[in-house]
Every structure is written in C-alpha cells, then in structure tokens.
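**Student:**
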Amino acid sequence: MTTPIRLQACGFTHADGTCALQPTDLSVEAGETLALLGPSGCGKTTLLRLVAGLARPDPGGCVLFDGRDVTDLPVERRNVGMVFQSYALFPNLDVAGNVGYGLKIRRVPPGERAARVARMLAMMRIQELAHRRVDQLSGGQKQRVALARALAVEPAVLLLDEPLTALDAKLREQLRVELAGLLRSLRITAIFVTHDQGEALALGDRVAVMRAGRIEQVGSPHEIYHRPRTRFVASFVGILNLLEGEVADGLFRLPGGSLPASGVAPGPAVLACRPEQLRLDPSGTLAGRIAAAFFLGDRTRLVVEGAAAQPIVVETVAAAPRPGEVVRLAAEPGCPWPLPPA
Amino acid sequence: MRPHFDPGFLAGLVFASLVAFFLVGPVILSVLAGVTANYQRGILESGITLAWLGRVFELYAPTIALSLGIALATLVATLLLGVPVAYALAKAPGRLARLAEEALVMPVAIPGIATGLALILAWGAVGEFRTHWTFILVGHVLFTLPFMVRSTLAVILAAKLPALEEAARSLGAGFLARFVTIVLPNASPGILAGSLMVVTLSLGEFNMTLLLHTPFTMTLPVGLADSYASMRLEIGSAYTLVFLVLLIPLLVALQWAADRATGAPRRP
Chain A
70 MTTPIRLQAC GFTHADGTCA LQPTDLSVEA GETLALLGPS GCGKTTLLRL
120 VAGLARPDPG GCVLFDGRDV TDLPVERRNV GMVFQSYALF PNLDVAGNVG
170 YGLKIRRVPP GERAARVARM LAMMRIQELA HRRVDQLSGG QKQRVALARA
220 LAVEPAVLLL DEPLTALDAK LREQLRVELA GLLRSLRITA IFVTHDQGEA
270 LALGDRVAVM RAGRIEQVGS PHEIYHRPRT RFVASFVGIL NLLEGEVADG
320 LFRLPGGSLP ASGVAPGPAV LACRPEQLRL DPSGTLAGRI AAAFFLGDRT
370 RLVVEGAAAQ PIVVETVAAA PRPGEVVRLA AEPGCPWPLP PA
Chain B
7 MRPHFDPGFL AGLVFASLVA FFLVGPVILS VLAGVTANYQ RGILESGITL
57 AWLGRVFELY APTIALSLGI ALATLVATLL LGVPVAYALA KAPGRLARLA
107 EEALVMPVAI PGIATGLALI LAWGAVGEFR THWTFILVGH VLFTLPFMVR
157 STLAVILAAK LPALEEAARS LGAGFLARFV TIVLPNASPG ILAGSLMVVT
207 LSLGEFNMTL LLHTPFTMTL PVGLADSYAS MRLEIGSAYT LVFLVLLIPL
257 LVALQWAADR ATGAPRRP
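As you go down the protein sequences, you meet chains A and B in turn.
Positions in the first sequence are counted from 1; adding 69 to them yields this note's numbering.
Positions in the second sequence are counted from 1; adding 6 to them yields this note's numbering.
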C-alpha cells in the first residue's frame, strides 16, 4: 500500500491561458505525508488534482506512481483515495453506502464488501452511523465518513484537499491528532493541501510551501520553520520579527540597544528572529517598552516597542510584565539571522 | 377574559374567500351543470344524473385515450431528450451553454398557435405525418421539453453534482456507472417534478393542438371545445368534470414534487 509519487515538469494552464502551476518537479516517498501549504490561489489544489488525475498536466508533464507513468490514466483508474474539502458525500446513499461505493464499483462481493465497510466504520469509530443519511451528520462525522470512503478501496495514495478546513477550531484540533495517528499507522503515501501552517507543520513529514504557481521550498517542518529559504516562506510560516539596524564590530545595533550578530557582514541590515528566539532577561542588551500583552493560556505574547524600528513580538511562559513596563531582551544563539533573498 | 379578536384577520379571511369564490365559482357551476339532468330547468327541479358522464365516455373515449397516450409518449420523449440535455448544460461552462438554455425557452415564449403553424409549414406535406398522432406528439415535446430541462437542470446545479461526480470518479466509477448511481438518483426530484409538469401540460395543451389536430387525432382539451360547440351544454360540462378528475391529482402531485425538489419545508 506504499507507493512513491513523482511529478516531472508538471505545469497546468487553464483553458483561458492563465497559468495555475509552473512546471514543477516533486517527489513524495512511499508512506510519506506531504503537506502542500500556501495562500489561496497558489496552485496547491491544482497540484493535488494533477496527482489525482482530475486534471491533466500541460504537455511535457509526467506523473509517476511507483515509477510507472500514470499521466494518461484518468482518476477512475489511478486507485487514489480522495477526501474533498466539501466531503462530497453522496446524498442518495447512507453512510455504509457511501463507504462501500468504491467496493461496489469494483464488484467486490456483497459479503466481503459489508465486512470491509464494517472494518472501516470501526476504524473511524462511526459504527453506529452506518445507516444514517449523510445530511443528518455533523461536520466531524462527515469528515470521518469521507476518510473511511476514501480508504475503503485500499488506495495506492491518499489525497486530501483542505480536509479540516470546514470544521470548527476545537474539532479541527481533535481530528488533526486523529488524522496524524491514522496516517502514521497506515503508512500510506499521502498528500494534503492546506492553507493552515499549523496543520501543515503538525501533520506533514515534509512540507512544500507554494506561492504563485511555484513551490518555494520543500523540507521537514523543522527546516521550513527554522531555515526558510525564501523571505516568503519565512513570513508565511509562523510569526517573524523583521529588525532593521546596522551591523558593526559583531553587534547588530538597534534603536533600543544591540544584539549579537556573528557572521553578518558590517553595514545596514535587515535581520529576522522568531518570537520564541527572544527572551525576557534583566541582563539583556536590548531594551523596550511593553505595548501590549496577550494571554494565550500556556504562554503570553508580548508586543515590545522602542527596541527596534518596528514593534517586536516576544513570547514568555513566566509571569508577564504589564503594558508600559520597560523590559530587556536577550537572543538565543544564532539569532537574529539574515533574511533569505526575496 | 374576552377572546382575542383580530379585525385584520377577519377582513383578510373575507377577502381571501371572495377571491377564491371568484376563481373557483365558475368551475363549480360548470361541474354542477355536468351532473344536472336538465340545465334549463335547474339542478333542484330536474335532479342529479350521471347520464351525461356516460355520454361523454361514449362519444369521447378514443379522444381521452389518445390524450393519455400522447401525454405518456411526450413524457418518455422529454425524459430521453431532456435529462441528458440538462446534464450536458450543467456540465458545460461558458456563454454557449447559457445561450442554449435561453434558446430552449423560446417555444414557451412563442404563442402555441405560432409554433403549430410553423410545424405545419415544416412537416405538413411530409407523407401521412400530418394526419398521424405523432404529429401532435412533436408539438407537445417541443412545448414541454424546456420544462423538463429547466426542472432537472435546477436540481442538478443545486445538488453540486460535479463535485459528487469527481468523488465517484476517484472511487473508480466510469461514466455510465456514475450516471446511473449518482447523477440520476440525485437529479430525481427535478426529473420527477419535470415529469409531472410535462404530463400536466401535455394533457391540457390547447392552443397548438387545436391547429395540429385532425378529426381523428383529437385530444382532451380540443374535444372539450368540440363538445361545447356541438353538443348539449350538459355534455360539455360533464366533459369538464372528466378533465378535472384527470388533472387535479396531477396538479397536487406536481406541487408535492416541486416542494421536494426545491427542499421547501414540509407543511405540518
């Protein structure tokens, strides 16, 4: 059930001539979960549809499943499992009918079909919904039915288009954990599309960040977050502080003091740091005033003014200072870092 | 405590009753005339009879049978033509498809008599066709097809069929399989509403059929006109009764199907 996927020079141009996806190379290893992350209109859903076979790449593009060229195979013959953003459950069938649909199409005998449907419903913990109409399901239940339906046919690859977007925040969190567990235990090659960076970092073995029809960077969630290769990736994933100052004598001089800046060429510079790479420290070398404090439960997000030209975002788990207080900041080693090219 | 009295409600009730009587009154009079032994002497004096109904069946049984036959044939034709057309229109993007949709409404906008004339001009000289019942069938299909297409198309669009079909495709369903298992069942409320509409319209169509018919291919409404023109008033009125008995259940079913198709809340 583990099939590696490769895309070679896959581009997609709409009939009206607008280019949705530049020619793109991408490989997903067997059993790996790849997250396609990007703002709306970046081409991530187009890329997913090319892998599914719901769209054909422009001439020259090539889709390989397990080394086999499937570019000419339509979706119905690619053996993919797909979960759609709107779930697209069949309203004329009940839950069991939906889950068993692919098996019926494949002419699996009724007895075996029923057994497999029951197994899928048990796996998704929705046995009691088997004979429910799909318009009587909650959002979370629909999501589980859609997943069960996609997995029932034992697809070579699982493709998910914004699988959690339609759910409310609490349920999204819960299903994200479940989905992560499911993908790990099934060891199925999966690609999922999301515009939610938290989802991409939490679920993806690797993340591909896309912008304007191109993949900007592919890497592990850790790489994407800590070593963004472009300015867009740096700013799209997580919160990023941009500091404008001047480097001299190994120090990065800012309006409110300085931070260490080893290995950065002297002169005016824009350096970056994540909120958690800065900490409140009475012996810190950078001073600023608390402009606002947001209590987030497990931590407090502080906005510090006066330290740099732009307000800096810092997070602390300790008792937070009040707005108006003057604080001193220190940086983790390796921070601030030079921004990648735009 | 005094019972709550709303003068506005009472005024509304009186007004609604007057309008209802204005609309239904003549029909009731006609139906009563159909079971009156002698209309000149009145129903009270001459009494009630079913004899006129018997005469209607004696005189017009072939007409009634032909009308039902044409309505059914029209239904079959519009199903075979209209459902695929609605499906194709729903799938086709762009201006051309919208234009085709508009073109389909044309026969409805043109007076039936004009359509009938056009048909006679086009086909009138073609062999025995002019005198065959299928000539009327062609006219009825032309007139009712837009209703089938519209009704089916509306439900297909509302049901988000393209997304459902993509899901079916991803599960391995080829065109025929998904057309039968997904498209038809999910379009069925629209197809049903369209079917009832087609049968009702075909049974009641008068304008065009008056022009298209021959003495051997007379339909219900044409027969009705014929009976009023050439028979006793009581026979024409009894004919009206037959007509209503056939049409009213269809109209009620039509309303029910339309509610179902549009997902309107069920009335308690």
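Quick reminder that beta carbons are idealized off the backbone N, C-alpha and C, glycines included.
1. Buried or exposed: Asn44 of chain B, going by 16 or more other Cβ atoms within 10 Å of its Cβ?
2. Check the Cβ-Cβ distances between Gly178 of chain B and every residue of chain A, and say whether any is below 9 angstroms.
3. Within the 9 angstroms Cβ cut-off, does Leu170 of chain B reach chain A?
4. Could you run through the segment 129-150 of chain A and flag, in chain order, every residue whose CB is less than 8 angstroms away from some CB of chain B?
5. Looking at the structure shown, is Glu231 of chain A part of a helix, part of a strand, or coil, going by DSSP?
6. In whole angstroms, give me the CA-to-CA distance for Tyr294 of chain A and Leu270 of chain A.
7. Is any beta-carbon of chain B found at less than 9 angstroms from that of Thr82 of chain A?
8. At least one CB of chain A closer than 9 angstroms to the CB of Gly200 of chain B: is that the case?
9. By the criterion of Cβ-Cβ separation under 7 angstroms, what are the contact partners of Leu236 of chain A in chain B?
10. Name the two residues that bound the continuous alpha helix (DSSP H) containing Ala360 of chain A.
11. Are there 16 or more other CB atoms within 10 angstroms of the CB of Pro271 of chain B, so buried, or fewer, so exposed?
12. Give me the Cα-Cα distance between Ala160 of chain B and Leu202 of chain B, rounded to the nearest whole angstrom.
13. What number of angstroms, rounded off, separates the C-alpha of Leu216 of chain A from the C-alpha of Pro178 of chain A?
14. Starting from the beta carbon of Arg175 of chain A, find every residue of chain B whose beta carbon is closer than 9 angstroms, and list them in chain order.
15. Whose Cβ in chain B lies nearer than 8 angstroms to the Cβ of Val222 of chain A?
16. Name, please, each residue of chain A whose Cβ falls closer than 9 angstroms to the Cβ of Pro191 of chain B.
17. Within the chosen definition, does the segment 78-85 of chain A reach the segment 110-119 of chain A through at least 3 CB pairs nearer than 8 angstroms?
18. With the cut-off set at 9 angstroms, would you say Asn192 of chain B and Leu217 of chain B are in Cβ contact?
19. Hey, could you find the ends of the alpha helix (DSSP H) Arg184 of chain B is sitting in?
20. Using a Cβ-Cβ cut-off of 8 angstroms (strictly less than) and excluding sequence neighbours within five positions of Pro274 of chain B, which residues of its own chain qualify?
21. For chain A, find out if any of its Cβ atoms is closer than 9 angstroms to the Cβ of Lys97 of chain B; answer yes or no.
22. Whole angstroms are fine: how far does the CA of Val37 of chain B sit from the CA of Arg176 of chain A?
23. In the DSSP assignment, the beta strand (DSSP E) including Asn310 of chain A goes from what residue to what residue?
24. Whose C-alpha, out of B:Pro221, B:Ala57, B:Ser176, is nearest the C-alpha of Pro224 of chain A?
25. Below 8 angstroms on the Cβ atoms is my contact criterion, and I expect Ala221 of chain A with Arg185 of chain A to pass it. Report the Cβ-Cβ distance as a whole number of Å.
26. Name, please, each residue of chain B whose Cβ falls closer than 7 angstroms to the Cβ of Gly171 of chain A.
27. Can you tell me whether Gln212 of chain A is buried or exposed? The criterion is at least 16 other CB atoms within 10 Å of its CB, across all chains shown.
28. Can you tell which of A:Gly208, A:Leu248, A:Gly112 has the C-alpha that lies nearest to the C-alpha of Cys88 of chain A?
29. Taking Cβ-Cβ distances shorter than 7 angstroms, what residues in chain A pair up with Ala183 of chain B?
30. Which one of A:Ile284, A:Val168, A:Gln154, A:Gln286 has the shortest CA to CA distance from Glu231 of chain A?
31. Where Val412 of chain A and Arg75 of chain A are concerned, what is the direct C-alpha to C-alpha distance, given to the nearest angstrom?
32. Here's a check: name, in chain order, each residue in its chain whose Cβ is nearer than 8 angstroms to the Cβ of Ala121 of chain A, leaving out the five neighbours to either side.
33. Output the distance between the C-alpha atoms of Val111 of chain B and Phe153 of chain B, rounded to the nearest integer angstrom.
34. Can you give me the C-alpha to C-alpha distance between His291 of chain A and Thr158 of chain B, rounded to a whole angstrom?
35. Can a CB atom of chain B be found closer than 9 angstroms to the CB of Leu123 of chain A?
36. Across the segment 295-307 of chain A and the segment 329-339 of chain A, are there enough close Cβ pairs to call them in contact, namely three or more that are closer than 8 angstroms?
**Tutor:** The answer reads as follows:
1. Numbered from its first residue, the second sequence carries residue 44 of chain B at position 38. Exposed is the call here.
2. Residue mapping note: residue 178 of chain B aligns to position 172 of the second sequence, counting from 1. Yes, because at least one Cβ of chain A sits closer than 9 angstroms to the Cβ of Gly178 of chain B.
3. Counted from its first residue, the second sequence places residue 170 of chain B at position 164. Yes, its Cβ sits closer than 9 angstroms to a Cβ of chain A.
4. Under the 8 angstroms Cβ criterion, the segment 129-150 of chain A contributes Pro143, Val144, Glu145, Arg146, Asn148, Val149, Gly150.
5. Position 162 of the first sequence, counting from 1, holds the residue named residue 231 of chain A. Of the three classes helix, strand and coil, the one that applies to Glu231 of chain A here is coil, per DSSP.
6. Here residue 294 of chain A is taken as the residue at index 225 of the first sequence, counted from 1. Here residue 270 of chain A is taken as the residue at index 201 of the first sequence, counted from 1. Cα-Cα distance, rounded: 8 angstroms.
7. The residue you call residue 82 of chain A lines up with position 13 of the first sequence. Cβ-Cβ to chain B under 9 angstroms: no for Thr82 of chain A.
8. The sequence position of residue 200 of chain B within the second sequence is 194, counting from 1. No, Gly200 of chain B does not count as interfacial toward chain A.
9. Within the first sequence, numbered from 1, the residue matching residue 236 of chain A stands at position 167. What Leu236 of chain A touches in chain B: nothing, since even the nearest Cβ is about 18 angstroms away.
10. Here residue 360 of chain A refers to the residue found at position 291 of the first sequence. Segment 355-364 is the beta strand (DSSP E) holding Ala360 of chain A; no alpha helix (DSSP H) there.
11. What you label residue 271 of chain B is simply residue 265 of the second sequence in a count that begins at 1. Caution applies to Pro271 of chain B, whose pLDDT of 44 falls short of 50 and renders its modelled position unreliable; the value that the coordinates give is listed next. With fewer than 16 other CB atoms across the displayed protein chains lying within 10 angstroms of its CB, Pro271 of chain B is exposed.
12. Working through the second sequence from its first residue, we reach residue 160 of chain B at position 154. Working through the second sequence from its first residue, we reach residue 202 of chain B at position 196. Separation of Ala160 of chain B and Leu202 of chain B (C-alpha to C-alpha, rounded to the nearest whole angstrom) is 16 angstroms.
13. Numbered from its first residue, the first sequence carries residue 216 of chain A at position 147. Numbered from its first residue, the first sequence carries residue 178 of chain A at position 109. Take the alpha-carbon of Leu216 of chain A and the one of Pro178 of chain A: they are about 22 angstroms apart.
14. Translated into positions along the first sequence, residue 175 of chain A becomes position 106. The answer, in chain order, is Leu177, Gly178.
15. Residue mapping note: residue 222 of chain A aligns to position 153 of the first sequence, counting from 1. Those are Leu177, Gly178, listed as they occur along chain B.
16. The residue given as residue 191 of chain B occupies position 185 in the second sequence. Within 9 angstroms Cβ-Cβ: Phe159, Pro160, Asn161, Leu162.
17. Result yes; three or more Cβ-Cβ pairs closer than 8 angstroms.
18. Position 186 of the second sequence, counted from the start, is the residue given in the question as residue 192 of chain B. Position 211 of the second sequence, counted from the start, is the residue given in the question as residue 217 of chain B. Contact annotation: Asn192 of chain B and Leu217 of chain B have beta-carbon atoms that are not nearer than 9 angstroms.
19. Taking the second sequence and counting its residues from 1, the one referred to as residue 184 of chain B is at position 178. Segment 181-184, the alpha helix (DSSP H) holding Arg184 of chain B.
20. Here residue 274 of chain B refers to the residue found at position 268 when the second sequence is read from its first residue. Model confidence at Pro274 of chain B stands at a pLDDT of 38, short of 50, so the residue's coordinates are unreliable and nothing is read from them.
21. As a working mapping, residue 97 of chain B is identified with position 91 in the second sequence. Chain A has no Cβ within less than 9 angstroms of the Cβ of Lys97 of chain B.
22. Counting from one through the first sequence, the residue named residue 176 of chain A turns up at place 107. Counting from one through the second sequence, the residue named residue 37 of chain B turns up at place 31. Each residue's alpha carbon lies about 58 angstroms from the other.
23. On the first sequence, position 241 is the one that residue 310 of chain A refers to. Boundaries of the beta strand (DSSP E) harbouring Asn310 of chain A: 310-317, taken from the DSSP string.
24. Looking up residue 224 of chain A in the first sequence gives position 155. That would be B:Ser176, whose Cα lies nearest to the Cα of Pro224 of chain A.
25. Locating residue 221 of chain A in the first sequence gives position 152, counting from the first residue. Locating residue 185 of chain A in the first sequence gives position 116, counting from the first residue. Yes, Ala221 of chain A and Arg185 of chain A are in contact; Cβ-Cβ is about 6 angstroms, under 8 angstroms.
26. Stepping through the first sequence from its first residue, residue 171 of chain A is reached at position 102. Within chain B, the residues near Gly171 of chain A are Leu177, Gly178.
27. By 1-based counting over the first sequence, the position of residue 212 of chain A is 143. Counting of Cβ neighbours within 10 angstroms places Gln212 of chain A among the buried residues, the total reaching 16 or more.
28. Numbered from 1 along the first sequence, position 19 holds the residue referred to as residue 88 of chain A. Residue A:Gly112 holds the alpha-carbon nearest to the alpha-carbon of Cys88 of chain A among A:Gly208, A:Leu248, A:Gly112.
29. Translated into positions along the second sequence, residue 183 of chain B becomes position 177. Contacts between Ala183 of chain B and chain A, judged by CB atoms closer than 7 angstroms, involve Ile174 in chain order.
30. Position 162 of the first sequence holds residue 231 of chain A. Nearest option by C-alpha distance: A:Gln154.
31. Because chain A is modelled from 70 through 411, residue 412 of chain A falls outside the range shown and cannot be assessed.
32. The residue labelled residue 121 of chain A in the question sits at position 52 within the first sequence. Excluding sequence neighbours, Ala121 of chain A sits near Val144, Arg147, Val149, Met151, Leu228.
33. Working through the second sequence from its first residue, we reach residue 111 of chain B at position 105. Working through the second sequence from its first residue, we reach residue 153 of chain B at position 147. Taking C-alpha positions only, Val111 of chain B is separated from Phe153 of chain B by approximately 8 angstroms.
34. Walking along the first sequence from the start, residue 291 of chain A turns up at place 222. Walking along the second sequence from the start, residue 158 of chain B turns up at place 152. Whole-angstrom Cα-Cα distance: 52 angstroms.
35. Mapped onto the first sequence, residue 123 of chain A falls at position 54. Look at Leu123 of chain A: its C-beta is under 9 angstroms from a C-beta on chain B.
36. Segments in contact, no.
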